[in-house]
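Before any comments, here is the structure.
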Amino acid sequence: MRNTTYPAVLLAALFPLSAIAQSINGVVLDQQGKPVSGANIQVEGTELSTKSDQNGQFEIKDLTSGDNKFHVVAKGFAHLHSHVEIPQQGLQNHQFKLNRSPIEVVDVVATPVHMSVMESSMPVNVLAGETLRRQQAATLGDSLEKLAGVNSNFHGNVASTPIIRGLSGPRVLISQNGLDVGDVSRVGPDHSVSSEASTAEQIEVLRGPATLFYGSGAIGGVVNVVDKRVPRDNSTEGEWTLQTSSVNEQKIAAFNVTTGFDSIAFYADGHWRESDDYKLPDSDEKLASSAEESFGGTLGVSYLLDNGYVGLSVEQFNREYGIPGHTHADDHDEHDHDEHEGEDHAEEQVLADLEQTRVQFLAELKLDNQLFDKLNVRLLSSDYKHAEIENNTTGTLFENSTTEMRIELIHNAFAHWVGGVTLHYKKSEVAAQGSEAFTPPSTAETFALAFVEELHEGDFLWQFGARAERVTLTADNALLPNIELHAHDEDGHEHDEHDHDDHDEASVTRVFAVEQEFTPISASAGVVWDFAPTYNLGVSLSYAQRAPSASELLSFGPHIGTRSFEVGALFALHQEDEESHFELNEQALDLETSRNIDLTLRKTQGDIGFVFNAFYNQVDNYYYQDFTGLYTEVTHDHAEEEGGVHDHDHAHDHAFELPVYNFLIDDVTLHGFEAQIAWQVSNEFKASVFSDYVRAKRNDGGDLPRTPPLRFGSQFSYEDERLTAHLDITRYQQQDKIAAFETATDGYTLVDAHVSYDLSLLDLDTSVYAKVNNLTDTEARVHTSFLKDLAPRPGRNITLGIRGYF
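The opening residue of the sequence shown carries number 149 in my numbering; numbering runs sequentially from there.
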């Protein structure tokens, strides 16, 4: 010990060598030995990370000596997981070599275990970066519909929600940063999703049951919009966009920026979008009530700690849009309403005025604890209002007040297992008031406890999890109205006779309170096997349960967005001696139960990559709407305007007819596939093809309505240092596997093109772009849309824009 100084001896005595901070530096290279810039290098299980510079160089300090696992991610390359032994003196000039992946690989950020399109047992998609900006539309469903396994229930270009493997509505959860979006979009197709894609960082889609992470409302999948509204660092960066489109004279302006100083980080964003009614294909006509205007903004602030951050954001979202198809036209009723003769109620303009204030609190903290490694906290308070306005008078008002808390505790690795537990609470108070309030005010409350675990050992990745919930649904004033029902013969005339001049308000036969309690249980097990270099095989088994929603149970009234009279599963149709009426259902209201298997085969690296998924989903006690074969007349107030002021003396009633749909419970089966193949022909040129298909039918015979057709498509891409070009060709086949009273839909082919050029403007990275949607001006009617016969997709649309980054 003659050459050892006293301070070194003291340091060695106080701290084991494995705990002394070390560093690593080196370079990230591709397989040809060329440097990879912008690669993210993270030390797994820690907050330590950095990006490679333009020469591929990187350095990370404050490491512990010994075995460290690194996760290296770069655009166009497969993810690299690498164990590196860091010696006591640190490691110099280390090389990380990345293999090319023609399929974009982006990590899911809102789950406690690592997930991506190439590395998880559950099938996922992530839309991010330039791909997200290129595909984003005014509505969320339309933004995602080019992803394999995802379709849109297109509603006249103003509202749409995603359909995942044939499932939508209350079975597909829409969330923002892992918290419920807090709107009423799951109630009806004419209700817009209150989440803005133009300021999103990425959008994650989990196909199949995602109940372990998000609850029973995600039994069919989840769409999670990720943004930086609660900033995680104080580096100054942002982007801005200006854009205009021809088919509806749309104009868009949006920006987001993150900055800060010392331990404070700030975030701000804003967007404005305005459009007119859109032009129909091969026509000068426009679709009435397809215009919209939206604007909103967010302010966020975080306090940055040595072991994480805590932050808060406040978002204000406003949107006013037309509701196509909000018509009271009577397709079957041939009698005249004398007092309104000559008036065209089918042309009345109806608007939805949406407003939401959303406050979210996020915290991620690295723990110095023997048991737990990390604490994640997410809190939400959301107030949502949505008024449907006719002639400047509110006809129906929807409200949703949502409170949510999600706490995740990630434990330290135990026998190489990583994972954690989740405590989840959510309360949603939904109310609808007005002439078309088809559900009574109700409160849904959820308590849940879940755990997920992951083991990566050798060539196998094992993933397990389970979740238990208690869901309570209460409504103090559920209604059982007495409505007059009648049928039509083959010529559309009514079977039974009644006085058409008598359109009195339907009388309520019963007002009662409802309290339903459910205990959904979910479990999942999966494995990914790297059976050969660059290939893996994934298998996922899941058992998931869902509590029915308030609209599925308690509906009893006209839903003009779907042009139907909806009756919930709490009520049953009773028919005797040619007399029909609804009464309380004596059938047990069971949990919807899904048993799902997913098989996935992937080629993860090389010039050619692919992902093949096959799934089989058996659902017991499936809640669905079935046409009763009966109709009812509904009285609707029309308020006329004089001088811009509502005059109640000029209000009048109009009786119109709607088909009656009753929610039934049945066993169904859905099965199908998704396939993606990408070929990186050269450094600049890439060709991709995809296909997806779902078959959805009742076990006792008959098809489920509005099931997406077989679809396949291709994309040809060119990208060099400045120029990027894409050509998309997508074919939708005819859908003739249809439910009773549903009509078949012809197939069609859509062609889209996009070109952009990067330049430096005022020392900012700037991109100018142009794109053409529906290049061939094809009439395309979406089978999954409630408005397919009224509202085809827009005609040819030319978009010009400029986007900057700083």
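We put the beta carbon where it would ideally sit given N, CA and C, even for glycine.
Between the beta-carbon of Q324 and the beta-carbon of V256, is there less than 7 Å?
On the sequence shown, residue 324 is found 176 positions in, with the first residue counted as 1. On the sequence shown, residue 256 is found 108 positions in, with the first residue counted as 1. For Q324 and V256, no; Cβs fall outside 7 Å.
Beta strand (DSSP E) containing Y457: first to last residue?
Translated into the one-based positions of the sequence shown, residue 457 becomes position 309. Start and end: 456 to 470.
Indicate whether S249 and F225 have their beta-carbon atoms separated by less than 7 Å.
One-based indexing of the sequence shown puts residue 249 at position 101. One-based indexing of the sequence shown puts residue 225 at position 77. Yes, Cβ-Cβ distance for S249 and F225 is below 7 Å.
If R554 sits next to T570, beta carbons under 8 Å apart, how far is it from one beta carbon to the other, in whole angstroms?
Here residue 554 corresponds to residue number 406 of the sequence shown, with the count starting at 1. Here residue 570 corresponds to residue number 422 of the sequence shown, with the count starting at 1. With a Cβ gap of about 7 Å, R554 and T570 count as contacting.
So for Q283, helix, strand or coil by DSSP?
Against the sequence shown, residue 283 aligns to sequence position 135. Residue state, collapsed to three classes: helix.
Just the Cα atoms here: how many angstroms apart are D900 and F833?
In the sequence shown, residue 900 corresponds to position 752, counting from 1. In the sequence shown, residue 833 corresponds to position 685, counting from 1. Roughly 18 Å between the two C-alpha positions.
Between H579 and the rest of its own chain, which residues show a CB-CB distance below 6 Å, the 5 nearest in sequence each way excluded?
In the sequence shown, residue 579 corresponds to position 431, counting from 1. It should be pointed out that residue 579 corresponds to Ala in this sequence rather than to His. So the qualifying residues of the chain are E547, P589.
Just to confirm, are D851 and A887 a CB contact at a threshold of 7 Å?
Translated into the one-based positions of the sequence shown, residue 851 becomes position 703. Translated into the one-based positions of the sequence shown, residue 887 becomes position 739. Their beta carbons are under 7 Å apart, which means D851 touches A887 by this criterion.
I need the straight-line Cα distance from T551 to D290, nearest angstrom please.
Position 403 of the sequence shown holds residue 551. Position 142 of the sequence shown holds residue 290. Whole-angstrom Cα-Cα distance: 28 Å.
State buried or exposed for D410, treating a residue as buried only when at least 16 other CB atoms are found within 10 Å of its CB.
Looking up residue 410 in the sequence shown gives position 262. It is exposed - the Cβ of D410 has fewer than 16 other Cβ atoms within 10 Å.
With a threshold of 16 other CB atoms inside 10 Å of the CB of N455, please say whether the residue is buried or exposed.
Along the sequence shown, read from residue 1 onward, the residue named residue 455 stands at position 307. Exposed: under 16 other Cβ atoms inside 10 Å.
From G613 to R843, what distance separates their C-alpha atoms?
Working through the sequence shown from its first residue, we reach residue 613 at position 465. Working through the sequence shown from its first residue, we reach residue 843 at position 695. Roughly 28 Å between the two C-alpha positions.
How many angstroms separate the CA atom of R743 from the CA atom of L557?
Taking the sequence shown and counting its residues from 1, one reaches residue 743 at position 595. Taking the sequence shown and counting its residues from 1, one reaches residue 557 at position 409. Rounded to whole angstroms, R743 to L557 spans 28 Å at the Cα level.
How big is the Cα-Cα spacing for A939 and S933?
Stepping through the sequence shown from its first residue, residue 939 is reached at position 791. Stepping through the sequence shown from its first residue, residue 933 is reached at position 785. The alpha-carbon atoms of A939 and S933 are separated by roughly 9 Å.
Would you give the residue range spanned by the beta strand (DSSP E) that T550 belongs to?
In the sequence shown, residue 550 corresponds to position 402, counting from 1. Taken as a continuous stretch (DSSP letters only), the beta strand (DSSP E) holding T550 covers 541 to 562.
Could you tell me whether the Cβ atoms of Y426 and N305 are closer together than 7 Å?
Position 278 of the sequence shown, counted from the first residue, corresponds to residue 426. Position 157 of the sequence shown, counted from the first residue, corresponds to residue 305. Cβ distance < 7 Å, so Y426 and N305 count as in contact.
With DSSP collapsed to three states, give me the class of A494.
Counting from 1 along the sequence shown, the entry for residue 494 is found at position 346. At A494 the pLDDT is 44, less than 50, meaning the model places this residue with poor confidence; the figure from the coordinates comes in the next sentence. Helix at A494.
For N396, count neighbouring C-beta atoms within 10 Å of its own C-beta (all shown protein chains included) and say buried if the count is 16 or more, exposed if not.
Numbered from 1 along the sequence shown, position 248 holds the residue referred to as residue 396. Buried is the call here.
Quick one: grab the DSSP three-state call for R526.
Sequence index remark: in the sequence shown, residue 526 carries index 378 (1-based). Looking at R526 - three-state DSSP - the assignment turns out to be strand.
Give the C-beta separation of T780 and E584 to the nearest angstrom, bearing in mind that I take them to be a contact with Cβ-Cβ under 8 Å.
Counted from its first residue, the sequence shown places residue 780 at position 632. Counted from its first residue, the sequence shown places residue 584 at position 436. The Cβ separation is near 14 Å, so there is no contact.
Determine whether the beta carbon atoms of T389 and L948 lie at a separation below 7 Å.
In the sequence shown, counting from the first residue as 1, residue 389 sits at position 241. In the sequence shown, counting from the first residue as 1, residue 948 sits at position 800. Result no, Cβ atoms of T389 and L948 do not sit closer than 7 Å.
Hey, L685 and L749: beta-carbon distance below 7 Å or not?
As a position in the sequence shown, residue 685 is number 537, starting the count at 1. As a position in the sequence shown, residue 749 is number 601, starting the count at 1. Contact flag set, yes.
Quick check on the burial criterion: 16 or more other C-beta atoms within 10 angstroms. Buried or exposed for E491?
As a working mapping, residue 491 is identified with position 343 in the sequence shown. Here the model assigns E491 a pLDDT of 40, short of 50, so the residue's position is not dependable, and the following value carries that caveat. It is exposed - the Cβ of E491 has fewer than 16 other Cβ atoms within 10 Å.
Spatial neighbours of R854 within its chain, please: CB distance less than 6 Å, with the 5 preceding and 5 following residues excluded, ordered by chain position.
Against the sequence shown, residue 854 aligns to sequence position 706. Excluding sequence neighbours, R854 sits near T932.
Rounded to a whole number of angstroms, what is the C-alpha to C-alpha distance between P668 and Q828?
Within the sequence shown, the letter at position 520 stands for residue 668. Within the sequence shown, the letter at position 680 stands for residue 828. Spanning the two alpha carbons is a distance of roughly 45 Å.
Could you give the DSSP three-state label for D906: helix, strand or coil?
Position 758 of the sequence shown holds residue 906. Residue state, collapsed to three classes: strand.
If I follow the unbroken beta strand (DSSP E) through T741, where does it start and stop?
Counting from one through the sequence shown, the residue named residue 741 turns up at place 593. 740 to 751 is the span of the beta strand (DSSP E), which, as asked, contains T741.
Taking only the alpha-carbon atoms, compute the straight-line gap between L124 and I950 and give it to the nearest angstrom.
Nothing about residue 124 can be reported from this structure: the residues present for the chain run from 149 to 954 only.
Nearest-angstrom Cα distance between D210 and Y771?
For the purposes of this step, residue 210 is taken as residue 62 along the sequence shown, with counting starting at 1. For the purposes of this step, residue 771 is taken as residue 623 along the sequence shown, with counting starting at 1. Approximately 55 Å, taken between the alpha carbons.
Specify, as a first and last residue, the run of the alpha helix (DSSP H) that A720 falls within.
The count along the sequence shown starts at 1 and reaches residue 720 at position 572. Premise fails: A720 lies in the beta strand (DSSP E), 719 to 724, not in any alpha helix (DSSP H).
Less than 8 Å between C-beta atoms, sequence neighbours within five positions excluded: which residues of the same chain meet that for Q179?
Taking the first residue of the sequence shown as 1, we reach residue 179 at position 31. Result list for Q179: K245, L246, N247, R248, in chain order.
Am I right that F599 and G568 are in contact with their C-beta atoms under 8 Å? What's the rounded C-beta distance?
Residue numbering aside, residue 599 sits at position 451 when the sequence shown is read from its first letter. Residue numbering aside, residue 568 sits at position 420 when the sequence shown is read from its first letter. Contact flag correct, Cβ pair sits at about 7 Å.
Use the C-beta contact count for N540: other C-beta atoms within 10 angstroms, 16 or more gives buried, fewer gives exposed.
Counted from its first residue, the sequence shown places residue 540 at position 392. Its Cβ having fewer than 16 others within 10 Å, N540 is exposed.
Mind checking whether G470 and S438 have CB atoms under 7 Å apart?
The residue labelled residue 470 in the question sits at position 322 within the sequence shown. The residue labelled residue 438 in the question sits at position 290 within the sequence shown. Yes.
Got a sec? Which residues, its chain only, sit under 6 Å from S697 by beta carbon, not counting five neighbours each side?
As a first step, residue 697 must be located in the sequence shown, where it is residue number 549. These residues qualify, in order along the chain: P318.
Given L778, which residues of its chain have a CB within under 7 Å of its CB, disregarding the five upstream and five downstream residues?
Within the sequence shown, numbered from 1, the residue matching residue 778 stands at position 630. Around L778: L633, H634, A635, S728, V808.
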